[in-house]
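Mind the numbering: the sequence shown is residues 33 to 322 in my numbering, read in order.
What follows is a set of notes on a single structure, which appears directly below.
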Amino acid sequence: MRAPCRSLAACLFLLGVACGFPEPEPESLQPHAFRLPPNTLVAHALGGIDGRNYTNSLEALESTLARGGRFFEVDLSFTADRNLVCFHTKHEKHLGLETPVTEVPTTEFLGYRYRDRYTLIDLETLIRTLLDHPDTYIVTDCKHDFNECMAEVLAVAQAVDPAFVGRIIPQFYTVDQWRDVARMEAAQGAFATVIFTLYNTKIDDDAVVETVKKRRIPVVTMSRKRFNPELVSRLSANGVDSLVHTVNTPKQMVGYAAQGVRGIYSDRFFTWEDVLSAAPPPRSPEKERP
């Protein structure tokens with residue numbers, strides 16, 4: 033259950049967002065010392081397990097850790113008592129539920145199994161598990177109000193281990209939410225890095241490039257449909273890294289990397305060595321005919 037001090041911290045942060053922090057209004061994000069390594073692989077929904085995706089489960093987390101995963105994208109949803117759990121909304125049918133997770137108390141939610149098999153966890157359990165793996169990070173995917181969700185993420189991290197804030201990578205979804213992230217960092221400390229994900233926005237490539245350049249946004253994530261090499265090149269020219277989601281075919285993953293993509297979200301592969309070992313060998317050039 034949620035600790036009272038955690039709720040208070042989250043409420044105070046939200047009050048600051050609503051009323052305005054005392055610091056001057058930011059014009060851009062502050063630089064982040066951490067940069068995603070080349071060929072970063074992000075475990076989508078904590079990684080697939082047994083051919084199943086989107087479980088966000090303890091078994092998926094442990095399997096991905098055992099296979100060398102370092103970056104964990106997690107779907108975060110609120111329960112009825114306003115705790116964050118690792119769960120993708122609209123997947124309630126896989127728990128045998130007919131009501132949204134937002135109407136289910138945390139203790140009841142944690143008693144279910146995803147597809148009658150996989151153990152459900154809350155955000156606190158995820159963070160405590162990763163404390164034993166210091167070179168790991170979480171990438172947030174908030175399924176409800178961004179500010180409310182991130183306020184609770186920060187409150188949970190502060191309650192478990194304040195240093196863990198530096199291992200959180202928030203994804204934000206609109207051109208204005210960078211400012212909310214800047215306020216969070218001013219109040220709570222710097223995140224590892226920050227991602228602007230494009231799946232929920234319709235702005236064109238010119239607007240993406242202009243926004244990240246002006247606001248010093250370090251990373252952009254795009255879907256396979258949204259990907260194009262020119263956008264990746266323009267972002268790179270402005271010091272911005274590009275990620276693509278979700279890719280599970282080694283040949284495609286190698287192809288994206290060859291076009292300048294720095295990282296990929298995947299359900300199946302969590303180290304680049306595994307990708308290369310599974311990818312088909314490059315075709316030998318044909319000999320010229322005499």
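Ideal placement from N, C-alpha and C gives every residue a C-beta, glycine not left out.
Between the Cα of residue i and those of the options, spot the shortest distance and give me the residue it belongs to.
{"i": "G100", "options": "I249, L73, Y231", "result": "L73"}
{"i": "H76", "options": "P312, N280, M285, R145", "result": "N280"}
{"i": "S60", "options": "R211, G83, S109", "result": "R211"}
{"i": "L152", "options": "V207, E140, L162", "result": "E140"}
{"i": "R247", "options": "G271, R256, M254", "result": "G271"}
{"i": "A189", "options": "D154, P313, M285, R84", "result": "D154"}
{"i": "V171", "options": "F204, N85, P70", "result": "F204"}
{"i": "M254", "options": "D113, A219, G287, N232", "result": "N232"}
{"i": "K234", "options": "T87, V207, K283", "result": "V207"}
{"i": "Y150", "options": "G128, V136, L308", "result": "G128"}
{"i": "I200", "options": "A191, Q209, L186", "result": "L186"}
{"i": "R84", "options": "H165, T278, R300, P313", "result": "R300"}
{"i": "A325", "options": "T161, R256, K122, S309", "result": "Residue coverage of the chain in this structure runs from 33 to 322, which leaves residue 325 outside it and unanswerable."}
{"i": "D173", "options": "F110, V106, N179, N88", "result": "V106"}
{"i": "D113", "options": "P202, V136, K125, D82", "result": "V136"}
{"i": "Q220", "options": "A191, A239, D238", "result": "A191"}
{"i": "N179", "options": "M285, Y297, S109", "result": "S109"}
{"i": "Y146", "options": "E124, T134, H165, L163", "result": "E124"}
{"i": "S274", "options": "L93, Y297, T96", "result": "Y297"}
{"i": "R315", "options": "E305, K283, F302", "result": "K283"}
{"i": "L93", "options": "N71, C118, H126", "result": "C118"}
{"i": "T303", "options": "N115, I81, N71, T134", "result": "N71"}
{"i": "Q291", "options": "S309, E305, R256", "result": "R256"}
{"i": "L158", "options": "L116, H176, Y144", "result": "L116"}
Check residue i in the structure and name its three-state DSSP category.
{"i": "S309", "result": "helix"}
{"i": "L230", "result": "coil"}
{"i": "D154", "result": "strand"}
{"i": "F53", "result": "With a pLDDT of 48 at F53, under the threshold of 50, the predicted position of this residue should be treated as unreliable, though the coordinate-derived value follows. Correct three-state label for F53: coil."}
{"i": "G287", "result": "helix"}
{"i": "V207", "result": "coil"}
{"i": "R160", "result": "helix"}
{"i": "R215", "result": "helix"}
{"i": "H64", "result": "coil"}
{"i": "F302", "result": "coil"}
{"i": "E59", "result": "coil"}
{"i": "K125", "result": "helix"}
{"i": "P194", "result": "helix"}
{"i": "P314", "result": "coil"}
{"i": "P166", "result": "coil"}
Assuming residue i is part of the beta strand (DSSP E), what are its boundary residues?
{"i": "Q201", "result": "With the sequence shown as reference, residue 201 is identified as Ile, and Gln is not the correct amino acid for it. Counting along the chain, the beta strand (DSSP E) containing I201 begins and ends at 200-204."}
{"i": "D173", "result": "169-174"}
{"i": "E105", "result": "103-110"}
{"i": "T134", "result": "Where T134 is concerned, there is no enclosing beta strand (DSSP E), given that its DSSP letter is neither H nor E."}
{"i": "L116", "result": "116-118"}
{"i": "V251", "result": "251-255"}
Tell me, to the nearest whole angstrom, how far the beta carbon of residue i is from that of residue j; I am working on the premise that it is less than 8 Å.
{"i": "R363", "j": "V241", "result": "Nothing in the structure corresponds to residue 363, since the chain is present only between 33 and 322."}
{"i": "F223", "j": "V197", "result": "7 Å"}
{"i": "Y169", "j": "F103", "result": "5 Å"}
{"i": "L68", "j": "G295", "result": "5 Å"}
{"i": "P194", "j": "V226", "result": "That belief does not hold up - the Cβ atoms of P194 and V226 are roughly 19 Å apart, past 8 Å."}
{"i": "Y288", "j": "V307", "result": "The pair is not a contact, with the Cβ atoms about 11 Å apart (cut-off 8 Å)."}
{"i": "H120", "j": "Y86", "result": "5 Å"}
{"i": "V286", "j": "A269", "result": "With 8 Å as the limit, V286 and A269 do not qualify as a contact, their Cβ atoms being about 23 Å apart."}
{"i": "T111", "j": "T138", "result": "4 Å"}
Which residue comes first and which comes last in the alpha helix (DSSP H) that contains residue i?
{"i": "L267", "result": "261-269"}
{"i": "S95", "result": "90-98"}
{"i": "V74", "result": "Taken as a continuous stretch (DSSP letters only), V74 belongs to no alpha helix (DSSP H), being part of the beta strand (DSSP E) at 72-75."}
{"i": "V244", "result": "237-247"}
Return the bridge partner residues of residue i from the DSSP annotation.
{"i": "C181", "result": "DSSP lists no partner for C181."}
{"i": "G295", "result": "T72, L275"}
{"i": "T225", "result": "In the DSSP output, where bridge partners are listed per residue, T225 has none listed."}
{"i": "R145", "result": "T151"}
{"i": "R84", "result": "I81"}
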